[in-house]
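Worksheet for the structure shown next.
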Amino acid sequence: LGNPWVVTSAVLKDLTEKNAQESGVKVGQLIYEPSGKNTAAAIALVCRILELQGLENEIVGIFPADHLVTKEQQFHDAIRFAEQLARDGQIVTLGIRPSHPETGFGYIQTEKQAQRQEKGIGAHSVMRFHEKPNFEKAASFVADGSYCWNAGIFVFRASVMRDLLRKHEPDVWLPLDGLQKDLGNLEAVYSAIKSISIDYAVMEKIGGTGLLSCLPVDIGWSDVGSWDAVAHESQARGKTPSERVHLIDSDNVYLQVPKTKTVAVIGVSDIQVVDTGDVLLICRKGESQRVREVVEALTRSKDPVLVEPPESR
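Next comes the structure, spelled out in structure tokens:
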């Protein structure tokens, strides 16, 4: 596998370079989007840069940067298998075998019979994608056995994705045809690109065609996409509160607070408290997905916490 490329927002440039240096990971290329245009644009940009470098036949893996994978060997085996399939022209997605009905994830419906096998991993044709379901539908998906959580992990040949974007979502790809090799006109080009997710732009349109394969896997995955997920991982690792946290007649409380702050919690249970210094969140466990409602409220009020990088506040 090659050195990873990172695609992120231009407003996170300083933080990204600092984290890349501190991590010790040799990054192949840092690409800064002038504005957020969703996942299809980010993926298209990578494919176009590879094309400009004469590398359009390279195999590309898309991995959300904030996900957690704890079973590294199983993950490695799955990616190697996905790479083989991608060399044969397939678009491959890793589907997470659901451990419980989850309403916070989208689902991938696959054929029950695997088309190919490698090291106990089956490649199943994708039938369709499903939006985040209600609990009853999520429970039926889990009981059926042919549904996986959509982790947003994809593997493909760059030229194959290019052709699919040209065909199914030209408003994403065509502006990039004018991109200069040194990316000098990226801001102007990016402003013309349609904002849409890769699921809507391509994946949902090729389900049932035989071009899209899913590898159902158990790789110890979490998207750490909510404070409930963070609390779960913290408890699974046996993390204990600091000496400056005092719980009195309280149970099942998760705290993420500065180490320099003394905190007392009295007579409450099943809550999460997150203090980042300039933002304080208190919510009941199981309700943290509703943070999006907070973001909507902050957007309406034009709260500066949404538009200013943390280091500038």
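Straight run, no breaks: the sequence shown in this note's numbering ends on number 746. Just so it is clear, CB atoms sit at the ideal spot from N, CA and C, and this is done for glycine as well.
Can you tell me whether residue i is buried or exposed, with buried defined as 16 or more other CB within 10 angstroms of its CB?
{"i": "ASP682", "result": "exposed"}
{"i": "ARG733", "result": "exposed"}
{"i": "SER532", "result": "exposed"}
{"i": "PHE568", "result": "exposed"}
{"i": "GLY461", "result": "exposed"}
{"i": "THR693", "result": "exposed"}
{"i": "ALA697", "result": "exposed"}
{"i": "GLU466", "result": "buried"}
{"i": "ALA584", "result": "buried"}
{"i": "LYS735", "result": "exposed"}
{"i": "ALA511", "result": "buried"}
{"i": "VAL728", "result": "exposed"}
{"i": "THR449", "result": "buried"}
{"i": "ILE586", "result": "buried"}
{"i": "SER646", "result": "buried"}
{"i": "LEU527", "result": "buried"}
{"i": "SER659", "result": "buried"}
{"i": "LYS451", "result": "exposed"}
{"i": "LYS446", "result": "exposed"}
Would you please state the rounded distance, in angstroms, between the beta carbons of residue i and residue j? I believe it to be under 8 Å.
{"i": "ALA664", "j": "TYR687", "result": "4 Å"}
{"i": "SER558", "j": "GLN548", "result": "6 Å"}
{"i": "VAL712", "j": "VAL738", "result": "6 Å"}
{"i": "ALA572", "j": "PRO534", "result": "4 Å"}
Flag this pair as yes or no: are the beta carbons of residue i and residue j separated by less than 8 Å?
{"i": "VAL440", "j": "VAL493", "result": "no"}
{"i": "LEU648", "j": "ALA556", "result": "yes"}
{"i": "PHE496", "j": "LYS552", "result": "no"}
{"i": "PRO603", "j": "ILE626", "result": "no"}
{"i": "GLU637", "j": "PHE538", "result": "no"}
{"i": "GLN722", "j": "ASP708", "result": "no"}
{"i": "LEU597", "j": "VAL635", "result": "yes"}
{"i": "VAL502", "j": "ILE652", "result": "yes"}
{"i": "TRP654", "j": "ILE529", "result": "yes"}
{"i": "ILE715", "j": "VAL724", "result": "no"}
{"i": "GLN517", "j": "LEU644", "result": "no"}
{"i": "LYS504", "j": "THR536", "result": "no"}
Looking only at its own chain, which residues have a Cβ that is under 7 Å from the Cβ of residue i, when we skip the five neighbours before and after it?
{"i": "ALA519", "result": "ILE492, VAL525, VAL588, PHE589 and ARG590"}
{"i": "MET560", "result": "GLN542, THR543, GLU544, GLY640 and GLY641"}
{"i": "GLU489", "result": "LEU483, ALA591, SER592 and ARG595"}
{"i": "THR695", "result": "ARG677"}
{"i": "PRO691", "result": "ASP708 and GLY710"}
{"i": "ASN436", "result": "LYS459, VAL460 and GLY461"}
{"i": "GLN454", "result": "none"}
Determine the closest residue to residue i out of the options, with distance taken between C-alpha atoms.
{"i": "VAL444", "options": "GLY457, ILE464, VAL575 and LYS638", "result": "ILE464"}
{"i": "GLN613", "options": "VAL622, TRP606 and VAL605", "result": "VAL622"}
{"i": "SER628", "options": "LYS459, GLY539, ILE482 and ALA477", "result": "ALA477"}
{"i": "SER468", "options": "GLY435, LEU619, VAL738 and ASP596", "result": "LEU619"}
{"i": "GLN486", "options": "ASN452, SER573, TRP582 and LEU616", "result": "LEU616"}
{"i": "ASN685", "options": "MET594, THR472, LYS718 and LYS451", "result": "LYS718"}
{"i": "GLN507", "options": "VAL650, GLY643 and GLY710", "result": "VAL650"}
{"i": "ASP577", "options": "GLY611, TYR540, LYS565 and GLU564", "result": "TYR540"}
{"i": "LEU434", "options": "ILE699, LYS446 and HIS509", "result": "HIS509"}
{"i": "ARG481", "options": "ASP610, GLU720 and ILE704", "result": "ASP610"}
{"i": "GLN546", "options": "SER579, GLN668 and LYS570", "result": "SER579"}
{"i": "GLU375", "options": "HIS500, LYS470 and TYR633", "result": "Since the displayed the chain opens at 434 and closes at 746, residue 375 lies outside it and no answer follows."}
By Cβ distance, which residues of its chain are closer than 6 Å to residue i, with the 5 residues on each side in sequence left out?
{"i": "ARG599", "result": "TRP606"}
{"i": "ILE631", "result": "THR472, ALA473 and ILE476"}
{"i": "HIS601", "result": "VAL635 and LYS638"}
{"i": "PHE401", "result": "Here the chain comprises residues numbered 434 to 746, so residue 401 is not present and cannot be evaluated."}
Cutting at 8 Å between CB atoms, please list the residues of its own chain near residue i, excluding the five before and the five after it.
{"i": "CYS581", "result": "GLY528, ILE529, ARG530, PRO531, TYR540, ILE541, THR543, CYS647 and PRO649"}
{"i": "SER624", "result": "PRO467 and SER468"}
{"i": "VAL701", "result": "SER683 and VAL686"}
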